[in-house]
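Report on the following structure.
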Amino acid sequence: DWTMASFVDKEIIRIRALVGEKGQCIGAVSGGVDSTVAAKLMQKAIGDRFHAVMVDNGVLRKNEAATVEKTLTAGLGINLTVLDRSSLFLDRLAGVTDPEKKRKIIGNTFYEVFQTEADKIAKEAENTPNAGKIEWFLQGTLYPDVIESISFKGPSATIKTHHNVGGLPEKMSLKLIEPLRELFKDEVRELGTSLGIPEDLVWRHPFPGPGIAIRIIGEVTPEKVRIVQEADLIFIEEIRRAGLYRKISQAFAALFEGKAVGVVGDQRLHGHIVGLRAVQTSDFMTADAFEFEWKVLREVRNRIGNEVGGVARVFYEISSKPPATIELE
Ligand code: XMP
C-alpha cells in the first residue's frame, strides 16, 4: 500500500540508481512548493551533487530571494546558488508594454542566465574529486502538468509559458529527472510536510514565472515594482492576520496603468493606482473573487496609504474568471 514514507524511500533509491555514485544534477528553484519539494528529495538522495539555482529576476515578491535562500540553505541543507540579475531583467523590460513580450523576455533571459550558471557549475564539477559530470536536470513537473502537456501537444506555446520554473533548455542536452510526475498537488504538499519543509512554504499561493511583470499593466519600472512589492506584502500580511490565507487560493497586489489624482497635505498629487486581487478556485481554470469583511480591506487600504508612498487610489478587484483571468495580463 502507498504511503508517503514508502514513496520517499523508493524515490530516493530510484534517483540514486539513475544518477549513479558520482553523477550530478542541476535544477532551478523558485521558492514555490513544487520546486522546493523536488529539490529536497534530490538533496536527500545525492546531497551536494544536486545543485539548485535561483534567479532573482527583479520581479519577485519583496525579500523573496533572501527568504528562499535562508529556508533552502540553512533550513533544508540544499546546495543553492542565488543569482541577483534584477538589473539585467529590468533593463530588458524597460519600455515593453505587451504582456506576451514581457513573458518572452523574462523566459529567454532566465534561460540565458541559467545556462551560463549551469556551464560554470559543470566546469567546477569536473574538478571536484569523487564527482562526475552534470548530466541531469531536475524538473518539478506534477501529474496534471504531464496530462496537460500530452493533451495540448502541438500549439501549446501559451500553455507552456505557464510553467513556473521552465522546461529544459534544449541545447543543454541534459537528461530529465522528474520525481513528482506521478503526484497531485495535495500529495506534493503532504510529501513536503513529511520532508520537513515549513508549513508556510508548503501552503504558499502560486506565483507566476513572469512575476509581477504581469501584474503591472503597461511598462514595468523600478518604482512600479517597488509599489507592487510593498502593497503585496501588506495585503498578504493582513490576510494572514485575519486567518484567511488558506481560504484564499491566490492573492496579490497589482498596478493599473496611468495615474489618478490624490491629496497629500494640502497638495493635489497624481499617484499610482493599486489593484488588490484575491480569488478562490479549485483548479485555477475558473475562479471567483474572495468576499472580504470590510474591516480587512479597510486595514489594507490604510496601511498602503500610510506605508507605501506614491499611491493615490486602492481598488479591490471583483471580477470572476471567466471572463477575467486571475493575473492582470
Ligand atoms: P490566469 O491569469 O491565466 O492564471 O487566470 C491561472 C494561473 O496561472 C498562473 N499564471 C502563470 N504562471 N507563467 C506562470 O508560471 C505565466 O505566464 C502565468 N500566467 C498566469 C496564475 O498565477 C494563476 O495561478
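For the sequence shown, full-length UniProt numbering assigns the number 218 to the initial residue and increments by one for each residue that follows. Beta carbons: idealized from backbone N, C-alpha and C, even for Gly. Every value quoted in this text rests on a predicted model; they were computed, and no experiment measured them.
- [ ] Given a cut-off of 8 Å, decide if Leu-277 and Gly-428 are closer than it, judged by their beta-carbon atoms.
- [x] Going by beta carbons, Gly-428 and Leu-277 fall inside the 8 Å limit.
Task: Inter-residue CB distance, Leu-310 and Ala-495 (contact presumed, cutoff 8 Å) - done: With a Cβ gap of about 26 Å, Leu-310 and Ala-495 do not count as contacting.
Open item on the list: Is any non-hydrogen atom of the ligand XMP found closer than 7 Å to the C-beta of Ile-543, if you look at the structure I gave you?
Closed with: Answer for Ile-543: yes, Cβ within range of the ligand XMP.
Task: Distance cut-off 7 Å: Arg-463 Cβ against heavy atoms of the ligand XMP - done: No, the Cβ of Arg-463 stays beyond 7 Å of every heavy atom of the ligand XMP.
Task: Start and end residues, alpha helix (DSSP H) containing Arg-457 - done: Counting along the chain, Arg-457 sits inside the alpha helix (DSSP H) bounded by residues 439-458.
TODO: Identify whether Phe-327 lies in helix, strand or coil by the three-state DSSP scheme.
DONE: DSSP places Phe-327 in helix when its eight states are reduced to three.
- [ ] Flag this pair as yes or no: are the beta carbons of Lys-319 and Val-437 separated by less than 8 Å?
- [x] Yes, the Cβ-Cβ distance between Lys-319 and Val-437 is below 8 Å.
Open item on the list: Only counting the same chain, and skipping five residues up and downstream in sequence, which positions put a Cβ closer than 7 Å to that of Gln-467?
Closed with: Contacts found: His-422, Pro-423, Val-496 and Ile-543.
Task: Nonlocal neighbours in the same chain, by C-beta distance under 7 Å from Leu-397, ignoring five residues either side - done: Once the five neighbours on either side are set aside, the close Cβ partners of Leu-397 are Asp-251, Val-254, Ala-255, Gly-357, Thr-358, Leu-359 and Val-405.
TODO: Could you please give the first and the last residue of the uninterrupted beta strand (DSSP E) stretch that includes Thr-298?
DONE: Where Thr-298 is concerned, the enclosing beta strand (DSSP E) stretches over 297-301.
TODO: Please list, in chain order, all residues of the same chain as Asp-403 whose beta carbon is under 8 Å from its beta carbon, the five residues on each side excluded.
DONE: Same-chain partners within the cutoff: there are none.
Task: Range covered by the beta strand (DSSP E) that runs through residue 178 - done: Nothing about residue 178 can be reported from this structure: the residues present for the chain run from 218 to 546 only.
TODO: For Gln-332, name the three-state secondary structure that DSSP assigns.
DONE: In the structure shown, Gln-332 sits in a helix (DSSP, three-state: H, G or I).
Task: Per-residue burial, Leu-472 [other beta carbons within 10 Å of its own, 16 or more giving buried] - done: Here Leu-472 is buried. Its C-beta has 16 or more other C-beta atoms within 10 Å.
Open item on the list: Could you compute how far the alpha carbon of Thr-375 sits from the alpha carbon of Ala-245?
Closed with: Only weak support is given to the placement of Thr-375: the predicted model assigns it a pLDDT of 42, under 50, and the value that follows is read from those uncertain coordinates. Across the structure, Thr-375 and Ala-245 are spaced so that their CA atoms are roughly 21 Å apart.
TODO: Only counting runs of 3 or more residues, tell me where the beta strand (DSSP E) segments fall wholly within the region 459-507, in order along the chain.
DONE: Entirely contained in the region 459-507, the beta strand (DSSP E) runs reaching 3 residues are, in chain order, 467-481 and 484-497.
- [ ] Please confirm whether any heavy atom of the ligand XMP lies closer than 7 Å to the CB of Ile-263.
- [x] It does not: the Cβ of Ile-263 is nowhere closer than 7 Å to a heavy atom of the ligand XMP.
Open item on the list: Going by DSSP, what residue range makes up the beta strand (DSSP E) through residue 579?
Closed with: Nothing can be reported for residue 579: it is not among the residues displayed for the chain, which extend from 218 to 546.
Task: Stretch-stretch touch, CB-based, cutoff 8 Å, three pairs: the region 437-448 with the region 518-534 - done: Yes: at least three Cβ pairs fall under 8 Å.
Task: Where the alpha helix (DSSP H) through Ala-282 begins and ends - done: Note, Ala-282: alpha helix (DSSP H), 281-286.
Task: Span separating the alpha-carbon of Gly-349 from that of Ile-367 - done: Rounded to whole angstroms, Gly-349 to Ile-367 spans 33 Å at the Cα level.
Task: 8 Å Cβ cutoff met for Thr-284 and Phe-306 - done: Contact flag unset, no.
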